[in-house]
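Numbering (UniProt numbering), first residue to last: 1 to 133. For reference, the structure is listed below as structure tokens.
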């Protein structure tokens with residue numbers, strides 16, 4: 001199944017990925033390929049917004065992971081905006097006991113239990129919101 005075919009399941013989704021799916025449906029020239037580079041280049045050639053490119057990245061990860069959303073920790077380390085979450089990303093990446101889950105409360109309680117500062121908790125909350133959009 002190509003990415004374009006896979007994306008159709010999100011047409012009725014009220015999310016940024018749903019927006020991308022609807023754009024895909026309306027655009028007869030959207031590449032019907034499994035090439036990340038061809039799709040990304042096509043979006044750039046169409047002057048896609050930053051949000052559209054972010055949505056494509058998230059959708060691509062879902063697609064390549066068999067529809068399974070990557071864990072927050074993996075997203076933070078591999079996909080997030082390093083300039084925004086840099087030191088939080090490094091701390092979580094290097095902490096081998098940080099929960100590799102998508103359970104917000106488990107991760108937040110881990111930060112509290114390990115005496116994370118207010119800035120770390122605030123950045124974590126912001127990153128969590130971005131991860132879920």
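Just so you know, even glycine gets a beta-carbon here, dropped at the ideal spot from N, CA and C.
{"Check": "Local conformation of residue 11 per DSSP, three classes", "Outcome": "coil"}
{"Check": "CB contact flag (residue 88, residue 120, <9 Å)", "Outcome": "yes"}
{"Check": "Per-residue DSSP class, three states only, for residue 36", "Outcome": "helix"}
{"Check": "In chain order, each alpha helix (DSSP H) run of at least 4 residues that lies wholly inside the UniProt domain \"YozE SAM-like\" (71-133)", "Outcome": "72-78, 82-94, 104-113 and 118-131"}
{"Check": "Closest residue to residue 128 among 96, 95 and 84 (Cα-Cα distance)", "Outcome": "84"}
{"Check": "Candidates 11, 122, 98 and 16, of which the one nearest residue 51 by Cα", "Outcome": "16"}
{"Check": "Residue 19, DSSP secondary structure in three states", "Outcome": "helix"}
{"Check": "Helix, strand or coil at residue 54 [DSSP, three-state]", "Outcome": "helix"}
{"Check": "Same chain only: Cβ atoms within 6 Å of residue 44, ignoring 5 sequence neighbours per side", "Outcome": "none"}
{"Check": "Beta carbon of residue 73 nearer than 9 Å to that of residue 93", "Outcome": "yes"}
{"Check": "Residue 30 - DSSP class collapsed to helix/strand/coil", "Outcome": "coil"}
{"Check": "Close beta carbons around residue 63, own chain, < 6 Å, minus the five adjacent residues each side", "Outcome": "3 and 6"}
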